[in-house]
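Asker: Residue numbers (the UniProt record's numbering): 1 to 236.
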């Protein structure tokens with residue numbers, strides 16, 4: 001669930017120098033509550049369109065969106081460069097009954113490379129930054145939004161599909177220093193369950209973010225797996 005910006009939240013900034021082997025155009029920064037709608041998939045953001053020419057009406061067309069579906073509509077209405085993501089939000093697993101009560105969480109507020117990302121009950125009090133993420137907009141891949149997810153509790157750490165071993169089903173995810181290679185970039189695609197849910201699909205091997213063995217409890221392992229239509233790969 002994405003929350004509105006708070007005083008002092010970090011402003012969006014343009015990413016530069018990202019090496020994605022020519023697959024993407026790097027854009028601006030954002031954050032999320034994952035949910036995709038009519039067009040494609042993830043996140044909360046602010047849409048800023050350049051101020052019109054002097055002869056035109058002075059309305060700036062600034063829209064604050066609160067769902068991934070609205071984010072995607074905003075992208076479709078403008079260009080990738082128009083989307084300025086400014087959100088501080090959480091990434092909810094759908095859950096077996098659509099309850100969305102558990103989210104991506106960095107275990108024990110870890111800030112080191114390879115700190116575990118697991119599932120945990122969504123919190124609204126105390127230090128919740130290990131459950132809050134900024135979305136880094138990296139353009140598109142195959143027409144789908146392409147993003148990196150930066151952990152708000154640490155400095156320059158991104159959701160990363162492990163490259164410690166050969167890629168395959170069950171590969172771990174954790175946070176790692178942001179380098180924006182393919183294993184840190186994620187495609188947002190509509191999930192077959194509909195309802196605005198999305199697949200979060202790794203650009204490196206095409207596998208989807210997955211709650212291992214449908215275990216909807218605190219501490220459940222997050223991994224990647226071949227994409228399918230069940231709830232444990234549906235995110236909002």
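Here a beta-carbon is modelled for each residue, glycine too, at the ideal position from N, C-alpha and C. Since this is a predicted model, take the numbers as computed values, not measurements.
What does DSSP give as the partner residue(s) for residue 177 in the beta ladder?
Answerer: Residue mapping note: residue 177 aligns to position 177 of the chain shown, counting from 1. In the DSSP output, where bridge partners are listed per residue, residue 177 has 157.
Asker: Using the beta-carbon count (16 or more within 10 Å), is residue 210 buried or exposed?
Answerer: Start at 1 with the first residue of the chain shown, and residue 210 comes out as number 210. Buried: at least 16 other Cβ atoms inside 10 Å.
Asker: Can you give me the Cβ contacts of residue 111 inside the same chain, cut-off strictly under 6 Å, excluding the 5 residues immediately before and after it?
Answerer: On the chain shown, position 111 is the one that residue 111 refers to. The residues are 154.
Asker: Tell me, please, whether the segment 216-228 touches the segment 178-187 by the rule of three or more beta-carbon pairs shorter than 8 Å.
Answerer: No, the segment 216-228 does not touch the segment 178-187.
Asker: Please tell me whether residue 133 and residue 115 are closer than 8 Å, where the distance is taken between their beta carbons.
Answerer: As a first step, residue 133 must be located in the chain shown, where it is residue number 133. As a first step, residue 115 must be located in the chain shown, where it is residue number 115. No. Outside cutoff.
Asker: Between the C-alpha atoms of residue 217 and residue 95, what's the straight-line distance to the nearest angstrom?
Answerer: Taking the chain shown and counting its residues from 1, one reaches residue 217 at position 217. Taking the chain shown and counting its residues from 1, one reaches residue 95 at position 95. About 10 Å.
Asker: So for residue 182, helix, strand or coil by DSSP?
Answerer: On the chain shown, position 182 is the one that residue 182 refers to. Note: residue 182 maps to helix in three-state DSSP.
Asker: By the 10 Å Cβ neighbour count, where 16 or more other Cβ atoms means buried, how is residue 108 classified, buried or exposed?
Answerer: Position 108 of the chain shown, counted from the first residue, corresponds to residue 108. The residue is exposed, with fewer than 16 neighbouring Cβ atoms inside 10 Å.
Asker: Looking only at DSSP bridge pairs, what is residue 133 linked to?
Answerer: By one-based count along the chain shown, residue 133 stands at place 133. DSSP, once it has assigned bridges, lists 89, 151 as partnering residue 133.
Asker: Since residue 117 is in the beta strand (DSSP E), which residue starts that stretch and which ends it?
Answerer: Sequence index remark: in the chain shown, residue 117 carries index 117 (1-based). Note, residue 117: beta strand (DSSP E), 115-121.
Asker: Under the three-state reduction of DSSP, which class applies to residue 233: helix, strand or coil?
Answerer: Stepping through the chain shown from its first residue, residue 233 is reached at position 233. Note: residue 233 maps to helix in three-state DSSP.
Asker: Under 8 Å, with one C-beta from each stretch per pair, do the segment 123-130 and the segment 156-163 reach the 3-pair mark?
Answerer: Touching, no.
Asker: I'd like the list of long-range same chain contacts for residue 205, defined as Cβ closer than 6 Å, with 5 residues on each side in sequence excluded.
Answerer: Against the chain shown, residue 205 aligns to sequence position 205. If we look at residue 205 and ignore the five residues flanking it on each side, its Cβ neighbours are 167.
Asker: If you reduce the DSSP assignment to three classes, tell me which class residue 201 lands in.
Answerer: Sequence index remark: in the chain shown, residue 201 carries index 201 (1-based). Strand.
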